[in-house]
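Below is one structure, written out as structure tokens, with a few remarks after it.
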Amino acid sequence: MNCHQSPRDSVEGGSSSNGKVITVEFGKLFEHYVTISNKLVGILLRARKQKLVDFKGEMLWQGKDDHVLITLLQ
């Protein structure tokens, strides 16, 4: 994924418009996003509060939570 692609472009599973669920592992998203910004976890926490994404746990930690699935809700 480059800085012009969204997770929606790089995740297998289709789009919500055709009934498929879009998910990405935190570790994969972190790998790509860390070159752009160090604020990924804060963005994900705010997005979850606004019910845009969902994931298990209160916080995400690089390494420990690399396999936690982040689900795009909207």
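All residue numbers for the sequence shown refer to this note's numbering, where the first residue is 244 and numbers rise by one. Glycine included, every Cβ here is placed at the ideal spot set by N, Cα and C.
Query raised in the report: Considering only residues of the same chain and omitting the five flanking positions on each side of G300, which have a CB-CB separation below 8 Å?
Result: Around G300: D308 and V311.
Query raised in the report: By Cβ distance, which residues of its chain are closer than 8 Å to F297, with the 5 residues on each side in sequence left out?
Result: One point to set straight first is that residue 297 is Asp, not Phe, in the sequence displayed. R291, I313, T314 and L316.
Query raised in the report: Going straight from the alpha carbon of K263 to that of L295, what length do you get?
Result: Linking K263 to L295 through their CA atoms gives a straight-line distance of about 16 Å.
Requested in this report: Could you name the residues that DSSP lists as bridge partners for D297?
Outcome: D297 is bridged to T314.
Query raised in the report: Apart from the five residues just before and just after S249, which ones in its own chain have a Cβ nearer than 7 Å to its Cβ?
Result: At S249, the pLDDT of 49 sits below 50, so the modelled position is not reliable; the number obtained from the coordinates is stated separately. For S249, where only same-chain residues beyond five positions count, there are no Cβ hits under 7 Å.
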